[in-house]
Amino acid sequence: MKQAFILAAGFGKRLLPLTSFIPKPLFPVWNVPILARILDRLEQAGFEKVFINTHHHAEKIQAFLKGFKSTIELVVFSEDTIRGTGGGIAQAVKMLDCTSPLLIYNGDIVCDIDLHAFWVKALEDRDAAASLLMHVCHPFNNVRIEKDEVVEFGYHGMGAAAYCGICVLQPNIYPFFHDRYPYSLIDIFKKCLVKGGKVKACQARSLDEDYLWADIGTLDGYLDAHFVLIRKYGNTRQMEEAAAGRWSVAGRGVTLGKKVRLMETVIWDGCNVEDGAFLQRMVVTPYGTVK
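Under this note's numbering, the very last position in the sequence shown is 273; numbers go up by exactly one each time.
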């Protein structure tokens, strides 16, 4: 069985005050909630069962998923307290098929890598405890790689690379998870390395030279996710606007006043913009405008 886990429990503190009202996995990216984008990618890649952990605004994520149509079997559970990315996965370890690998996907990542191709690549080395999707992306570079294997985290020297927030865990890593919360998935990888385990590095460009990737964990990252999507998948006019730095995205039911000027701005569904407004690198939401 092809099974996956989406990490969706975090507070999204870097996106306050918006995450006081809506959890980060439900932020619309080019008018589609990022969680829906991830599930669509997993469905296209043939995944059959997906675990999703929730905590912050858990009820809103659960309500959204009740109305989400998919062929995937969804297993959604809420954490009584934040357990960290490693601790969250530990709950699923008790429920998943422990004889099969598990794809992990951070709930704030926009990426169009072929997940089936990554899955196949990751399973080429069954002795590895995990295979991490990697690339070079400032300012996230903090992993040292030697001969396609991760050898150190927290490294900022020559040749450092960045973890894309997507990986495949092999069954031999499951015993490293425990119930002493909170802890991160990176802590599990470090522990595995100390014990002599192998953590493979799969370069994103080896799967697709034209892949896109964005982390919406900050306001700049959220805006840039729209830019990379429009630049690659927009129509000709949108692509030209993105290239010139003049792109903007408006949701459904948006009302724009007279002589409104927009630049690199995202407007959520149902919002109104007053006459004469000039908005640059802003996000307009029903909960307020942030920049």
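Even for Gly, the Cβ is constructed at its ideal location relative to N, Cα and C.
All values derive from a computational prediction rather than experimental measurement.
Check, Outcome
"Reduced DSSP secondary structure (H/G/I, E/B, other) of R126", "strand"
"Within 9 Å, strictly: CB atoms of I34 and V11", "no"
"Option nearest E55 by Cα separation, candidates E128, N124, R234 and F(-13)", "F(-13)"
"Cβ pair count under 8 Å reaching 3, the region 254 to 271 against the region 26 to 33", "no"
"Span of the beta strand (DSSP E) around K182", "V181 to Q185"
"Where the beta strand (DSSP E) containing K31 begins and where it ends", "K31 to T36"
"Distance between H160 and G69 (C-alpha atoms, nearest Å)", "7 Å"
"Backbone CA spacing between A99 and G235 [nearest angstrom]", "38 Å"
"Unbroken stretches of the alpha helix (DSSP H), 4 residues or longer, contained in the region 110 to 180", "167 to 176"
"Whole-Å CB distance - T36 paired with A(-9), under 8 Å assumed", "6 Å"
"Alpha-carbon spacing of G(-6) relative to M(-17), whole angstroms", "31 Å"
"Sequence-distant residues of its chain with Cβ nearer than 6 Å to T67 (five each side left out)", "L(-11), S166 and L167"
"W195, enclosing alpha helix (DSSP H) - first and last residue", "Where W195 is concerned, there is no enclosing alpha helix (DSSP H), although the beta strand (DSSP E) it sits in stretches over W195 to D197."
"Nearest to D109 (by Cα), restricted to the options I4, Q152 and E246", "Q152"
"Buried versus exposed, by CB contacts within 10 Å (16 or more), H117", "buried"
"Whole-Å CB distance - A259 paired with V248, under 8 Å assumed", "So it is not a contact: roughly 14 Å between Cβ atoms."
"Inter-residue Cα distance where the pair is K182 and C253", "46 Å"
"Proximal residues to A232 (C-beta, below 6 Å), its chain only, five neighbours per side dropped", "I249"
"N-terminal and C-terminal residue of the alpha helix (DSSP H) that F46 is part of", "A40 to K48"
"Sub-9 Å separation of D90 and K6 beta-carbons", "yes"
"Same chain only: Cβ atoms within 6 Å of E30, ignoring 5 sequence neighbours per side", "M(-17) and K(-16)"
"Alpha carbon of R(-4) to alpha carbon of A18, nearest angstrom", "21 Å"
"Per-residue DSSP class, three states only, for Y204", "helix"
"Range of the contiguous alpha helix (DSSP H) that encloses V75", "G66 to V75"
"Status (buried if at least 16 other CB within 10 Å, exposed otherwise) for S2", "exposed"
"Range covered by the beta strand (DSSP E) that runs through F(-13)", "Q(-15) to L(-11)"
"DSSP bridge partner residues for T81 (one or two, in chain order)", "Answer is none; T81 lacks a bridge partner."
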